[in-house]
Amino acid sequence: MTVNLLDLDAASLSAFFAGHGEKPFRARQVLRWVHRFGQGDFDAMTDLARSLREKLKDMAVVLPPAIVADSLAGDGTRKFLFDVGAGNAVESVFIPEDDRGTLCISTQAGCALDCSFCSTGKQGFNRNLTVAEIIGQLWQARRALGAYRHGETQGERVISNVVLMGMGEPLANLDHTVLALRLMLDDNAYGLSRRRVTVSTSGLVPAMDRLRDECPVALAVSLHAPNDRLRDELVPINRKYPLPLLLAACRRYLEKAPRDFVTFEYVMLDGVNDSDGQAEELLALTRDVPCKFNLIPFNPFPGSSYRRSPAPRIRRFAEILMAAGVVTTTRKTRGDDIDAACGQLAGQILDRTKRSTGRTFALQMARHEVAR
Ligand code: SAH
Ligand code: SF4
Numbered sequence: 034m035t036v037n038l039l040d041l042d043a044a045s046l047s048a049f050f051a052g053h054g055e056k057p058f059r060a061r062q063v064l065r066w067v068h069r070f071g072q073g074d075f076d077a078m079t080d081l082a083r084s085l086r087e088k089l090k091d092m093a094v095v096l097p098p099a100i101v102a103d104s105l106a107g108d109g110t111r112k113f114l115f116d117v118g119a120g121n122a123v124e125s126v127f128i129p130e131d132d133r134g135t136l137c138i139s140t141q142a143g144c145a146l147d148c149s150f151c152s153t154g155k156q157g158f159n160r161n162l163t164v165a166e167i168i169g170q171l172w173q174a175r176r177a178l179g180a181y182r183h184g185e186t187q188g189e190r191v192i193s194n195v196v197l198m199g200m201g202e203p204l205a206n207l208d209h210t211v212l213a214l215r216l217m218l219d220d221n222a223y224g225l226s227r228r229r230v231t232v233s234t235s236g237l238v239p240a241m242d243r244l245r246d247e248c249p250v251a252l253a254v255s256l257h258a259p260n261d262r263l264r265d266e267l268v269p270i271n272r273k274y275p276l277p278l279l280l281a282a283c284r285r286y287l288e289k290a291p292r293d294f295v296t297f298e299y300v301m302l303d304g305v306n307d308s309d310g311q312a313e314e315l316l317a318l319t320r321d322v323p324c325k326f327n328l329i330p331f332n333p334f335p336g337s338s339y340r341r342s343p344a345p346r347i348r349r350f351a352e353i354l355m356a357a358g359v360v361t362t363t364r365k366t367r368g369d370d371i372d373a374a375c376g377q378l379a380g381q382i383l384d385r386t387k388r389s390t391g392r393t394f395a396l397q398m399a400r401h402e403v404a405r
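Each number in the working numbering corresponds to the 1-based position in the sequence shown with 33 added.
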């Protein structure tokens, strides 16, 4: 059976090599070739014995998802659309900034959690991405951005940060997500620091505990409401894991987290969750959790019933939080001219190819700016 090496983290690659009578250092060499140098051609792995190269050609491949569209916005934001088979596509977005480059990647095709303001949720769940499809977005983006040519030091990194804030709920695909995270952190692979890799979750409490134990990285939690009544409506998973449980899970997470705060994401919905009173309620709710807030102006999509809060309202809301001493950022929308801000590209392509089912996987991508 042919193995896709992009599906294996360091431990599983060692086991795979051991199973074929190869020494662990060979596994490390291959890991470096594949991930650190972005090499998918075994013949180019010049420090491997020819016999091993031939063996690898027989039993393994390096197979990332194919890039089917690649668009560059005026502000440098670049969006990649990946084919993941059966008419499904997922997106990654690269956001260059002065001091870092962030890649936002997807973990599922669709999402089952059905948040009322999210276009991915509205389109239903298709399937979990494999490890190769998750890490393959980073592998492909690095190649497309020329990052593999740029040396290895942190300062020179083209992609210095990764956020799991694209399509899907990472913690609903925890096994694959954890293996992909381990590759991102591995010094022989991408060597990113835990603080520069962020998982965003809508609040799957047991999986938050598992992430904390298995691979703690920076955590962002999609709060979006200051009380259970409203959050039940906006983020339906709240009915299963209501706010007291979620906030307790945040505190437990912080015991092992690489950063000493959780980032609370809060989508700004006009007249729904954006009043002064709700800002005060939010402060009271989160009093016992070291946190920062990231306000996300709602990103409308066809068929959505919400409106984005007006800019002065968002400013006022942020001021109330900041006056209480809580660091608060407001996300910029980026890449508007290529729909990276509203991720309609996946939807457009699928509209054409899957018109019969009406299934679209447009992705809300106004999620980019992540807590520093
Ligand atoms: N499923 C995870 C991660 C992907 S969503 C989660 O929900 O956290 C990343 C962020 O984008 C979340 O905070 C999500 O609530 C937010 N988001 C979803 N749809 C949005 C929209 N239409 N406008 C603005 N933000 C949105
Ligand atoms: Fe899924 Fe996140 Fe969208 Fe909710 S906001 S439906 S959890 S992708």
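Cβ atoms here follow ideal geometry from the backbone N, Cα and C, with glycine treated the same way. Because the structure is a prediction, the values reported are computed rather than measured.
Any non-hydrogen atom of the ligand SF4 closer than 7 Å to residue i Cβ
i: Glu-202; result: yes
i: Asp-103; result: no
i: Gln-46; result: It is Leu, not Gln, that sits at residue 46 in the sequence shown. False, no ligand heavy atom lies under 7 Å from that Cβ.
i: Cys-450; result: Nothing about residue 450 can be reported from this structure: the residues present for the chain run from 34 to 405 only.
i: Ser-139; result: no
i: Cys-283; result: no
i: Ser-338; result: no
i: Cys-144; result: yes
Separation of residue j from residue i, as counted between CA atoms
i: Ala-177; j: Glu-124; result: 14 Å
i: Arg-364; j: Ala-253; result: 14 Å
i: Leu-383; j: Phe-158; result: Reliability fails at Leu-383, whose pLDDT of 49 lies under 50, so the model's placement of it is uncertain and the value that follows must be treated cautiously. Computed Cα separation, rounded: 15 Å.
i: Ala-357; j: Leu-280; result: 19 Å
i: Asn-194; j: Pro-129; result: 10 Å
i: Glu-313; j: Leu-354; result: 8 Å
i: Arg-228; j: Leu-287; result: 13 Å
i: Tyr-181; j: Arg-61; result: 18 Å
i: Asp-293; j: Cys-248; result: 16 Å
i: Ile-443; j: Pro-277; result: The question about residue 443 has no answer here: the residues shown for the chain are numbered 34 through 405.
i: Gly-201; j: Cys-148; result: 11 Å
i: Leu-216; j: Thr-140; result: 15 Å
i: Gln-381; j: Met-198; result: Bear in mind that a pLDDT of 47 at Gln-381, under 50, signals an unreliable position, so the number given afterwards is only what the model happens to contain. Taking the straight line joining both Cα atoms gives about 20 Å.
i: Arg-59; j: Leu-225; result: 22 Å
i: Leu-244; j: Arg-284; result: 13 Å
i: Leu-81; j: Phe-75; result: 9 Å
i: Asp-40; j: Ala-282; result: 29 Å
i: Leu-263; j: Leu-315; result: 12 Å
i: Tyr-274; j: His-257; result: 14 Å
Residue i beta carbon near the ligand SAH (any heavy atom closer than 7 Å)
i: Ser-152; result: yes
i: Val-163; result: Reading off the sequence, residue 163 comes out as Thr, not Val. No, the beta carbon of Thr-163 sits no closer than 7 Å to any heavy atom of the ligand SAH.
i: Glu-266; result: no
i: Asn-194; result: no
i: His-257; result: yes
i: Ser-84; result: no
i: Met-241; result: no
i: Ile-329; result: yes
i: Ser-125; result: no
i: Val-300; result: yes
i: Phe-334; result: yes
DSSP state of residue i mapped onto helix, strand, coil
i: Ser-125; result: strand
i: Arg-292; result: coil
i: Pro-335; result: coil
i: Ala-130; result: Looking at the sequence itself, residue 130 is Glu, so the reference to Ala does not match. Strand.
i: Lys-325; result: strand
i: Val-300; result: strand
i: Gln-156; result: coil
i: Leu-136; result: strand
i: Val-36; result: strand
i: Gly-310; result: helix
i: Pro-330; result: strand
i: Asp-265; result: helix
i: Asn-271; result: helix
i: Arg-349; result: helix
i: Arg-284; result: helix
i: Ala-142; result: strand
i: Ser-47; result: helix
Closest residue to residue i among the options (Cα-Cα distance)
i: Leu-146; options: Glu-352, Lys-112, Glu-266, Ala-344; result: Glu-266
i: Ala-240; options: Tyr-223, Leu-207, Leu-225, Pro-345; result: Leu-207
i: Pro-259; options: Gly-52, Phe-350, Arg-340; result: Phe-350
i: Cys-151; options: Thr-79, Leu-302, Ala-165; result: Leu-302
i: Lys-155; options: Phe-331, Tyr-299, Ser-337; result: Ser-337
### Task
Pick out the complete alpha helix (DSSP H) segments inside the region 166-254, 4 residues or longer, and give them in chain order.
Fully enclosed alpha helix (DSSP H) runs of 4 or longer: 207-218, 238-247.
### Task
Would you list, in sequence order, the uninterrupted beta strand (DSSP E) runs of no fewer than 3 residues that lie entirely inside the region 50-114?
Complete beta strand (DSSP E) runs here, min 3: 99-105.
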